[in-house]
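In what follows, a single structure is set out as structure tokens and then discussed.
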Amino acid sequence: MTDWIAAIADVLVEAGVEQTMAVQRGQDTLITIQVALIVSKSLDDTAIFLRTIEQLPKVLLASRF
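Per the numbering used here, the sequence shown runs over residues 6 to 70.
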């Protein structure tokens, strides 16, 4: 999981997000994805997961600093 967080953080840093914030957002992203998978599976509704994934770029880059 640390590789996922680092990969997300690296992309965010390249997009102009400060390093500490990028790591925090990487962690938050992993949490968001995992929860969306669990809820989507529990409710047998893939739209929940798809909506979550669709919104991630906007959330991650909402404020770059």
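Glycine included, every Cβ here is placed at the ideal spot set by N, Cα and C.
For residue j and residue i, the rounded distance between their alpha carbons
i, j, result
"residue 38", "residue 64", "13 Å"
"residue 30", "residue 58", "14 Å"
"residue 21", "residue 49", "37 Å"
Cβ-based burial, residue i [other Cβ within 10 Å; buried from 16]
i, result
"residue 13", "buried"
"residue 17", "buried"
"residue 56", "exposed"
"residue 27", "buried"
Proximity of residue i and residue j at Cβ, strictly below 7 Å
i, j, result
"residue 9", "residue 42", "no"
"residue 40", "residue 53", "no"
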